[in-house]
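Single-structure report; data block below.
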Amino acid sequence: MSRRTEKSETAFKQASKVLVGGVNSPVRAFAAVGGTPPVIAKAIGSQITDIDDNTYVDYVCGYGPAILGHASEPVVTAINKAVRHGTTYGAPTEVETKLGVAITAAIESIEMVRFVSSGTEAVMSAVRLARGTTGRDKVIKCVGCYHGHSDSFLVAAGSGAATLGTPSSPGVPTGAAADTLLVDYNDLGGVEAILKANPQQVAAVLVEPVAGNMGVVLPEAGYLQGLRDLCDQHDTLLIFDEVITGFRVGYGGAQGLYGVKPDLTTLGKIIGGCMPVGAFGGRADIMQNLAPVGDVYQAGTLSGNPAAMAAGLATLAELRAEGFYDRLEAISGQIAVGMQAAAIEAGIGDKVCFNRVGAMMCCFFTPGPVTDFASASRSNTQAHAAYFHTMLDEGVYLAPSQFEAMLVSSAHTDADVDLTLNAAKLAFAAAAKVM
Ligand SMILES: *Cc1c(COP(=O)(O)O)cnc(C)c1O
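Positions in the sequence shown are counted from 1; adding 860 to them yields my numbering.
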């Protein structure tokens, strides 16, 4: 199939004159796969349409928020109703309490919550709270986990578990990253070694309970509970960054799925119903250290924004529908199984590795197993690029990187799955040629 691209090419050229790289978030550029991204006109349900009028089945889902698909009717209605009453007051509202009640009811470890406007802000603030609460500065973070773009967490791969963080972006002061200690994902021994080497100094272990920003990497059996135990032994707080997993892998998040309770949790994406939002919450005794009750300062002009709160509340109501996650699991499983079959048919079944938890999955172009960033990095990104472009040409919209998740929404239909699996046959055949 061939796509029309003239309008997108022209629009993207214009965009690049005023927006750096033509985008407002670097993941949207096609740097890793080559070419020009389609410029989007609209998205409804499972479909996204560009300005050349090509329509694709969308597995980016806005990088996470669109679990109901796009422009879901109850969410649109809630936003419409909210905006007619003004979209920001700088004062308390009832709707933010309602969303707070819904979140604390859904996630047992969250007794109190504070809303912010992005996942980045949520993590940054949760870590400040952890530092303020413990009186310690250091934070353990896994290589390959993404926790937003704040200075302390833009730290890439070090050479080993106890390696002191080095900034991965110019502009991050060495000092800001010096208290970020790196460890490989799924490496419990590494966490233990760092905690022992830095007694009474580590405020928190910060982790994605399912890693969703190096493709999809699952926690091995006992890993999350092991982190919980180590944190308890060292009076260190455990922070689950559930910005992507929260309300995606289940209504109780990854912590509900795996049965491990963190002290603090960060949320974003889904809880804003596709509007800008973030939140952090956890044990009441810790949360009460936040201003205005406690001394740890954190604030936001648009925090708890009424339109975003209304969109989030409407989204969560849909997620509570009987059997919602069972249906999402069924269709996600169908896609994963079908994709694997397509890879086998293309003769590369043993050269790719599928990882999946519920409605988040990834096909790595490496035999695997993929358990951490190092094993994810062994992927053949050239093969991924060939696969990606064929999928796009065949009407399937994926994130333009090997290291992003493929996300499924409740709006995806059997017809979408058929189209996707037919595209996958061609895409894996294209990838096979360069493997
Ligand atoms: C997306 C994401 C963030 C950052 O959220 P933004 O809203 O983009 O700032 C943080 N942590 C995780 C795990 C994420 O997936």
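Idealized CB from N, CA, C, for every residue including glycine.
Inset, instruction - In angstroms with no decimal places, state the Cα-to-Cα distance between ALA1291 and ASP1232. - result: Stepping through the sequence shown from its first residue, residue 1291 is reached at position 431. Stepping through the sequence shown from its first residue, residue 1232 is reached at position 372. Going by the C-alpha atoms only, they are around 23 Å apart.
Legend entry - Between the CA atoms of PHE1248 and MET984 - distance to the nearest angstrom: For the purposes of this step, residue 984 is taken as the residue at position 124 of the sequence shown. For the purposes of this step, residue 1248 is taken as the residue at position 388 of the sequence shown. Going from the Cα of MET984 to the Cα of PHE1248 covers about 33 Å.
Inset, instruction - Between the Cα of GLY1154 and those of HIS930, ARG988, PRO934, TYR916, spot the shortest distance and give me the residue it belongs to. - result: Mapped onto the sequence shown, residue 1154 falls at position 294. That would be ARG988, whose Cα lies nearest to the Cα of GLY1154.
Inset, instruction - Assign GLU956 to one of two classes, buried (16 or more other C-beta atoms within 10 Å of its C-beta) or exposed (fewer than that). - result: One-based indexing of the sequence shown puts residue 956 at position 96. With 16 or more Cβ atoms within 10 Å of its Cβ, GLU956 is classed as buried.
Inset, instruction - Return helix, strand or coil for PHE1225, following the three-state DSSP convention. - result: Residue mapping note: residue 1225 aligns to position 365 of the sequence shown, counting from 1. Note: PHE1225 maps to coil in three-state DSSP.
Legend entry - Beta-carbon gap between PHE1329 and ALA1196 smaller than 9 Å: There is simply no residue 1329 to check, as the chain begins at 861 and stops at 1295 in what is shown.
Inset, instruction - Tell me the start and end of each unbroken beta strand (DSSP E) in the region 1126-1174 that is at least 3 residues and wholly inside, in chain order. - result: 1138-1142
Legend entry - Element boundaries [alpha helix (DSSP H), containing VAL936]: Counted from its first residue, the sequence shown places residue 936 at position 76. 933-943 is the span of the alpha helix (DSSP H), which, as asked, contains VAL936.
Legend entry - Test item: CB-CB of LEU1048 and GLY1082 under 9 Å: Working through the sequence shown from its first residue, we reach residue 1048 at position 188. Working through the sequence shown from its first residue, we reach residue 1082 at position 222. For LEU1048 and GLY1082, yes; Cβs fall inside 9 Å.
Inset, instruction - Would you mind working out which of TYR1185, GLU1102, ALA1174, ALA1284 sits nearest GLU933, comparing C-alpha positions? - result: If you number the sequence shown from 1, residue 933 lands on position 73. Of the listed residues, the one whose Cα sits closest to GLU933 is ALA1174.
Legend entry - Three-state secondary structure assigned by DSSP to PHE1013: For this step, residue 1013 is matched to residue 153 along the sequence shown. PHE1013 falls in the helix class under three-state DSSP.
Inset, instruction - May I have the straight-line CA-CA distance separating ILE1146 from LYS958, to the nearest angstrom? - result: For this step, residue 1146 is matched to residue 286 along the sequence shown. For this step, residue 958 is matched to residue 98 along the sequence shown. Their backbone Cα atoms lie some 21 Å apart in a straight line.
Inset, instruction - Put ILE904 into one of helix, strand or coil per three-state DSSP. - result: The residue you call residue 904 lines up with position 44 of the sequence shown. Three-state DSSP puts ILE904 in a strand.
Inset, instruction - Say whether the region 1197-1206 touches the region 1270-1283, bearing in mind that this needs 3 or more beta-carbon pairs closer than 8 Å, one atom from each stretch. - result: yes
Inset, instruction - May I have the straight-line CA-CA distance separating GLY1133 from VAL1277, to the nearest angstrom? - result: Position 273 of the sequence shown, counted from the first residue, corresponds to residue 1133. Position 417 of the sequence shown, counted from the first residue, corresponds to residue 1277. Distance between the alpha carbons of GLY1133 and VAL1277 is about 24 Å.
Inset, instruction - Check whether the Cβ of ILE1054 lies closer than 8 Å to any heavy atom of ligand 1, and answer yes or no. - result: By 1-based counting over the sequence shown, the position of residue 1054 is 194. False, no ligand heavy atom lies under 8 Å from that Cβ.
Legend entry - Extent of the continuous alpha helix (DSSP H) to which VAL976 belongs: Taking the first residue of the sequence shown as position 1, residue 976 is located at position 116. Not the alpha helix (DSSP H): VAL976 falls in the beta strand (DSSP E), residues 972-976.
Inset, instruction - Please classify MET1074: does DSSP put it in a helix, a strand, or coil? - result: As a working mapping, residue 1074 is identified with position 214 in the sequence shown. Correct three-state label for MET1074: coil.
Legend entry - Closer than 8 Å: GLY1072 CB and nearest ligand 1 heavy atom: Position 212 of the sequence shown, counted from the start, is the residue given in the question as residue 1072. At least one heavy atom of ligand 1 is nearer than 8 Å to the Cβ of GLY1072, so yes.
Inset, instruction - Go to LYS1285, then tell me how far its alpha helix (DSSP H) extends in each direction, as first and last residue. - result: Taking the sequence shown and counting its residues from 1, the one referred to as residue 1285 is at position 425. 1274-1292 is the extent of the alpha helix (DSSP H) around LYS1285.
Legend entry - Opening and closing residue of the alpha helix (DSSP H) in which ILE1204 lies: Position 344 of the sequence shown, counted from the start, is the residue given in the question as residue 1204. Taken as a continuous stretch (DSSP letters only), the alpha helix (DSSP H) holding ILE1204 covers 1184-1205.
Inset, instruction - Quick one: give me the first and last residue of the alpha helix (DSSP H) that VAL955 is part of. - result: Counting from one through the sequence shown, the residue named residue 955 turns up at place 95. Run containing VAL955: 954-966, per the alpha helix (DSSP H) assignment.
Inset, instruction - Please find out if some non-hydrogen atom of ligand 1 comes closer than 8 Å to the beta-carbon of CYS921. - result: Within the sequence shown, the letter at position 61 stands for residue 921. CYS921: no, Cβ never under 8 Å from ligand 1.
Inset, instruction - Return the chain-ordered list of same chain residues with a C-beta closer than 7 Å to the C-beta of ALA962, the five sequence neighbours on each side being excluded. - result: Position 102 of the sequence shown, counting from 1, holds the residue named residue 962. Result list for ALA962: LEU1173, LEU1176, in chain order.
Inset, instruction - May I ask you to check if the CB of THR980 is nearer than 8 Å to at least one heavy atom of ligand 1? - result: Residue mapping note: residue 980 aligns to position 120 of the sequence shown, counting from 1. Because some heavy atom of ligand 1 lies under 8 Å away, the Cβ of THR980 counts as near it: yes.
Inset, instruction - Measure the Cβ-Cβ separation of PRO1166 and PHE890 and say whether it is below 9 Å. - result: Walking along the sequence shown from the start, residue 1166 turns up at place 306. Walking along the sequence shown from the start, residue 890 turns up at place 30. Not a contact, by the Cβ cut-off of 9 Å.
Inset, instruction - Report the option in LEU1150, ASP1186, GLY1138, MET1295 whose CA atom is closest to the CA atom of GLY842. - result: For residue 842 there is no data in the structure shown, the boundaries of the chain being 861 and 1295.
Legend entry - Cβ shell of ARG1216 (< 6 Å), same chain only, five flanking positions each side left out: Within the sequence shown, numbered from 1, the residue matching residue 1216 stands at position 356. Correct list, in chain order: ALA1196.
Inset, instruction - Report yes if the CB atom of THR1105 is closer than 9 Å to the CB atom of ILE1000, and no otherwise. - result: Residue mapping note: residue 1105 aligns to position 245 of the sequence shown, counting from 1. Residue mapping note: residue 1000 aligns to position 140 of the sequence shown, counting from 1. The answer is no: Cβ separation not under 9 Å.
Legend entry - Whole-number beta carbon distance between GLY960 and SER1269, since they are thought to touch under 8 Å: Here residue 1269 refers to the residue found at position 409 of the sequence shown. Here residue 960 refers to the residue found at position 100 of the sequence shown. No, SER1269 and GLY960 are not in contact; Cβ-Cβ is about 25 Å, not under 8 Å.
Inset, instruction - Return the residue from the list THR937, VAL976, SER969 that minimises the CA-CA distance to GLY950. - result: Start at 1 with the first residue of the sequence shown, and residue 950 comes out as number 90. Looking at the Cα atoms, VAL976 is the closest of the given residues.
Legend entry - Cβ distance (whole Å) where THR896 is taken to contact THR865 below 8 Å: Working through the sequence shown from its first residue, we reach residue 896 at position 36. Working through the sequence shown from its first residue, we reach residue 865 at position 5. Contact flag correct, Cβ pair sits at about 7 Å.
Inset, instruction - May I ask you to check if the CB of LYS1001 is nearer than 8 Å to at least one heavy atom of ligand 1? - result: Taking the sequence shown and counting its residues from 1, one reaches residue 1001 at position 141. No, the beta carbon of LYS1001 sits no closer than 8 Å to any heavy atom of ligand 1.
Legend entry - Cα-Cα separation between LYS998 and THR1034, rounded to whole angstroms: Position 138 of the sequence shown holds residue 998. Position 174 of the sequence shown holds residue 1034. Answer to the nearest angstrom: the Cα atoms are 14 Å apart.
Inset, instruction - Just mark ASP918 as buried or exposed, buried being the case when its beta carbon has 16 or more other beta carbons within 10 Å. - result: For this step, residue 918 is matched to residue 58 along the sequence shown. When all chains shown are included, ASP918 counts as buried.
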